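Asks: Chains as they are written, first to last, in our numbering: chain A, 1 to 354; chain B, 1001 to 1340. Note that beta-carbon positions come from the ideal geometry of N, C-alpha and C, so glycine has one too. Computed from a predicted structure; not experimentally measured. Right, I'll just put the structure down here and ask away after.
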C-alpha cells in the first residue's frame, strides 16, 4: 500500500491535468476589487454598493474565464459554484451583523439601571426618559404563565406519543402538532380574542399567556419527542424487567435520562414566545403603567413596548432610542436563554447506548 | 379497548415462535397492568394532553369560523373580491382581495430571494465550508432564527428602508419600463421591502431543514461520484440535490408558511393602503396579518369580527401550506423541521 502511494504521489500532475495554484482565488479577488475601484472612480460612480457589485461580477467572470482556459470548463463551473456559495454565506451574515450592530450601538444609549427600573407612566411617548420596568414585569408574567401551561402539556403529549402512542390517535396528534407549529402567532391571538369577545372580557395579561401557550406547545412536543426517542430501549426494558410499573419507569428512568434535552427544548420555546408581539397586541393591549396583576387589566410586554414606541411616537428620537434599548434587552434575554439551553444540551446529552 | 396491545408493546420480549402465549394469560397480565392506578392515571394524563392539543386545533377553527360568520353575514360587499375595508359603514363593506394579493406577492418575493440563498448556505455548511467554519456558520444561522420578529421589524423600518433608496432608484432606472419596478420616489416602504425583510426572516428555517437533508445524503453516492472524477459542483448537482429535492421543497413550504403569517415585521415596514398596485416599489397594499395588527386598535366589536374573518382565511391558507409540507416530509420519516 505505502509503496503504491509513493508512486502515485510523484505523478499527480500528469493524471489530473493542469490546475490553478491554491492562491489563485485570492489573487483574482484582489485583482477584481482593484479593477472595480478603478472603474468606479473612472466612471464617477459614488455608490459603494455599485463598486461591490462590479467587483463581484468581475470576480465571477474572471474566475470562470481563467479557470476555463487553464483547467477546463468543468473545473471552471466548479469554481464559480464555490464562489457563489461563499457569496450566499456572506449575504446571510451581512443583515445579522448589521442588525446586531445597530441594536447594540443604538441600544446602549439609554440602557441603564434607571431605564430598567422605571415605567412610562408619567412620560409622554415623544419625551425622553422613562423605562421598561412595566414591560419586563409583563413579559415575565405572561411568558411564565404560558410556560406553566404549555410546557407540561407539551411534555405529556410527547410522552404519550413516544411511550404509549400507537394507532390512529397518535398519528392524528403527530400530524396536527406538525401543522400547529406553523400557525401564525396572530391567528392564535385571534382565537383567544374570539373567546374574549364571546364572554365580553377586557384585555388582560393571562389572555396573552394562553395564546403564547398555544404557540409553545407544539415546539415543546417536537423537541421532547426527539429527546425521548434517543433514550435506549434497554433502559426501559431493564426497569420493566425489575417489575417497576410503566409510569414509574417513565418518570424515574426515561425522563431523567433525557432531562437535559427536554429542558433545552422548553427554554428554546420560551425564547421563541418571548419575542411574540402580535398576540400580546391583540389580547394584552399595552399599558404605560406598572400592572403586577396578569389576571386583571391591560399589561405591557417587551416586544409590544418596542412596537408601540416605534409606531405611536411620530418619529421622536427619544422613543426610537427607547425602542432600540428595549430591543437590546429582549435580544439579550433571548440569546442568553439560547446559549444556556445549548449549554445544557451539550452538558447533559443523553448517552445513546452504543 | 386496545389497552392490552399497548401495555405489552415495548415491555415484553417477543415470545418464542413455537410456543405462543395463551390469550388468557395475556389478558390476565394486561388486566393486572391496567388496574395499577398509577399507570392508569399517567396514561390518562398523557393521552389527555394529546387529545387536548387536537381539541385546541378544532376549537381554533370552530371559534374563528363562528365569529367570521357573524361578520361576513352582515357584509354588504363580496368578501372575496372587494377592494375596501370599511367596517364602520352602515351597511359595512369589506373584502380581502387586496390582503390576499399582498400576502401572496410579498411571500413570493421572499421565497424567490430566500430559497436559493438558503440552499446555498445549507450546501456551504454541509459541503463547502472548511470544517472549522461550518460549526460557527450553523450557529450564526441559529442566531438569525432566534431574533424576535419585532426586532427585525424595527431594524427593517429604521435601517433597511433608508438604505433601499439607492437600490430602488437603480431598479427604476434600469427596469422601470417593466412597470413592476417603476418607482415614484416615495419612501421605500413597499411590497419589495417587505419581501426582502421576510426573506431574511425565513432564511434560517429553510437553511436548517435543508441542511439536515443534505447531511443525510448517503456518503456512498458522493464517494461514487468523486471516484468517477466528478468535481465538487458535479457531486452536489448529481448526488446531493436530487437526494435532497423533496426536503428542500418542504423546507421552502415551511418558510412560506412563516412568511404568510408574519405580522409585526410587515406592520412596521409597510405603509399600507387598500389597493392593488402593479409596481412592487411604490408603497401600498397590505397583508392579512399586517391589516389585523394595524386596524385592531380602532376596531369596534364588529370590526374585530371582520378582522377575525380575514384571520380565518389566513389560518386556512397556512394550514394547507404547512399540511402539504408535512405530507412531503412524512414520506421520509428521518427528518423533520419542527424544531428547526
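Helix, strand or coil for residue 1246/B, going by three-state DSSP, please let me know.
Replies: It is helical.
Asks: What in chain B is Cβ-close to residue 128/A, meaning under 8 Å?
Replies: Neighbours of residue 128/A on chain B: none; closest Cβ ~17 Å, over 8 Å.
Asks: Taking only beta carbons into account, state which residues of the segment 1286-1297 of chain B come closer than 7 Å to chain A, listed in chain order.
Replies: Answer in chain order: 1289, 1292, 1293, 1296.
Asks: Going by the beta-carbon positions, is the gap between residue 294/A and residue 206/A smaller than 8 Å?
Replies: Yes, Cβ-Cβ distance for residue 294/A and residue 206/A is below 8 Å.
Asks: In the DSSP output, which residue or residues are listed as bridge partners for residue 1094/B?
Replies: 1085/B, per the DSSP bridge assignment.
Asks: State the DSSP-derived secondary structure class of residue 202/A, mapped to helix, strand or coil.
Replies: DSSP places residue 202/A in coil when its eight states are reduced to three.
Asks: Does the CB of residue 1095/B have a neighbour CB from chain A at under 8 Å?
Replies: Not an interface residue.
Asks: Residue 1264/B and residue 176/A - do their beta-carbons sit closer together than 8 Å?
Replies: Contact: no.
Asks: The alpha helix (DSSP H) that contains residue 134/A, what's its start and end?
Replies: Taken as a continuous stretch (DSSP letters only), the alpha helix (DSSP H) holding residue 134/A covers 133-159.
Asks: For the alpha helix (DSSP H) containing residue 251/A, list its first residue and its last residue.
Replies: Here residue 251/A belongs to no alpha helix (DSSP H), and DSSP marks it neither H nor E.
Asks: Give the single residue among 1312/B, 1215/B, 1202/B whose Cα lies nearest to the Cα of residue 1113/B.
Replies: Closest by alpha carbon: 1202/B.
Asks: Name the residue from 1235/B, 1069/B, 1308/B, 1282/B whose alpha carbon lies nearest to the alpha carbon of residue 1220/B.
Replies: Among 1235/B, 1069/B, 1308/B, 1282/B, the Cα nearest to that of residue 1220/B is on 1235/B.
Asks: Using a Cβ-Cβ cut-off of less than 8 Å, give me the residues of the segment 320-346 of chain A that come near chain B, in sequence order.
Replies: Cβ contacts with chain B come from 320, 323, 324, 327, 330, 331, 334, 335, 338.
Asks: Show which residues of chain A have a CB atom less than 8 Å away from the CB atom of residue 1039/B.
Replies: Simply 245, 246, 247.
Asks: For the alpha helix (DSSP H) holding residue 25/A, just list the boundary residues, first then last.
Replies: Counting along the chain, the alpha helix (DSSP H) containing residue 25/A begins and ends at 24-43.
Asks: Taking beta-carbon pairs under 8 Å, can you tell me which members of the segment 1069-1087 of chain B lie near chain A?
Replies: Cβ contacts with chain A: none found.
Asks: Rounded C-beta distance between residue 1195/B and residue 1109/B? I'm assuming under 8 Å.
Replies: Sure, about 3 Å apart at Cβ, within 8 Å.
Asks: On the three-state DSSP scale, how would you describe residue 1283/B?
Replies: Strand, per DSSP.
Asks: Using CA coordinates, which residue listed in 1095/B, 1257/B, 1287/B, 1068/B is at the minimum distance from residue 1078/B?
Replies: Residue 1078/B has its Cα closest to that of 1095/B, out of 1095/B, 1257/B, 1287/B, 1068/B.
Asks: Does any C-beta atom of chain D lie closer than 8 Å to the C-beta of residue 204/A?
Replies: Among the chains of the structure shown, chain D does not appear; the protein chains present are A and B.
Asks: Excluding the 5 residues preceding and the 5 following residue 1262/B in the sequence, name in chain order all residues of the same chain whose CB lies nearer than 7 Å to its CB.
Replies: The answer, listed in chain order, is 1149, 1198, 1201, 1289.
Asks: If I measure Cβ to Cβ from residue 1248/B and keep anything under 7 Å in the same chain, skipping five residues before and after, which residues do I get?
Replies: Closer than 7 Å at the Cβ level, and outside the excluded window around residue 1248/B, lie 1119, 1210, 1213.
Asks: Which chain B residues are close to residue 271/A, counting only those with a beta carbon under 8 Å from its beta carbon?
Replies: By Cβ distance, chain B contributes 1146.
Asks: Can you tell me which of the three DSSP states residue 1042/B falls into?
Replies: Residue 1042/B falls in the helix class under three-state DSSP.
Asks: Are residue 215/A and residue 273/A touching if we call contact CB-CB under 8 Å?
Replies: Going by C-beta atoms, residue 215/A is nearer than 8 Å to residue 273/A.
Asks: Since I believe residue 135/A is in contact with residue 305/A (beta carbons under 8 Å), could you give me their beta-carbon distance rounded to a whole number of angstroms?
Replies: Rounded, the Cβ-Cβ distance is 4 Å, consistent with contact.
Asks: Rounded to whole angstroms, what is the Cα-Cα separation between residue 10/A and residue 21/A?
Replies: In this prediction, residue 10/A has a pLDDT of 48, which is less than 50 and means its spatial position is unreliable; nothing more can be read from the coordinates.
Asks: Does any C-beta atom of chain A lie closer than 8 Å to the C-beta of residue 1223/B?
Replies: With 8 Å as the cut-off, residue 1223/B does not count as an interface residue toward chain A.
Asks: If residue 1125/B sits next to residue 1138/B, beta carbons under 8 Å apart, how far is it from one beta carbon to the other, in whole angstroms?
Replies: The pair is a contact, with the Cβ atoms about 5 Å apart (cut-off 8 Å).
Asks: State buried or exposed for residue 63/A, treating a residue as buried only when at least 16 other CB atoms are found within 10 Å of its CB.
Replies: Buried, by the Cβ-count rule.
Asks: Can you give me the Cβ contacts of residue 28/A inside the same chain, cut-off strictly under 8 Å, excluding the 5 residues immediately before and after it?
Replies: Same-chain partners within the cutoff: 59, 62, 63, 66.
Asks: Spatial neighbours of residue 1243/B within its chain, please: C-beta separation below 6 Å, excluding the five flanking residues on both sides.
Replies: Closer than 6 Å at the Cβ level, and outside the excluded window around residue 1243/B, lie 1217.
Asks: Could you name the residues that DSSP lists as bridge partners for residue 285/A?
Replies: Its beta-bridge partners are 299/A.
Asks: Determine, using beta-carbon pairs with one atom in the segment 315-333 of chain A and one in the segment 1154-1170 of chain B, whether at least three such pairs fall under 8 Å.
Replies: Short answer: they touch.
Asks: Please list, in chain order, the residues of the segment 178-190 of chain A that have any C-beta partner in chain B closer than 9 Å.
Replies: If the cut-off is 9 Å between Cβ atoms, the segment 178-190 of chain A has 178, 179, 180, 181, 182, 183, 184, 185, 186, 187, 188, 189, 190 near chain B.
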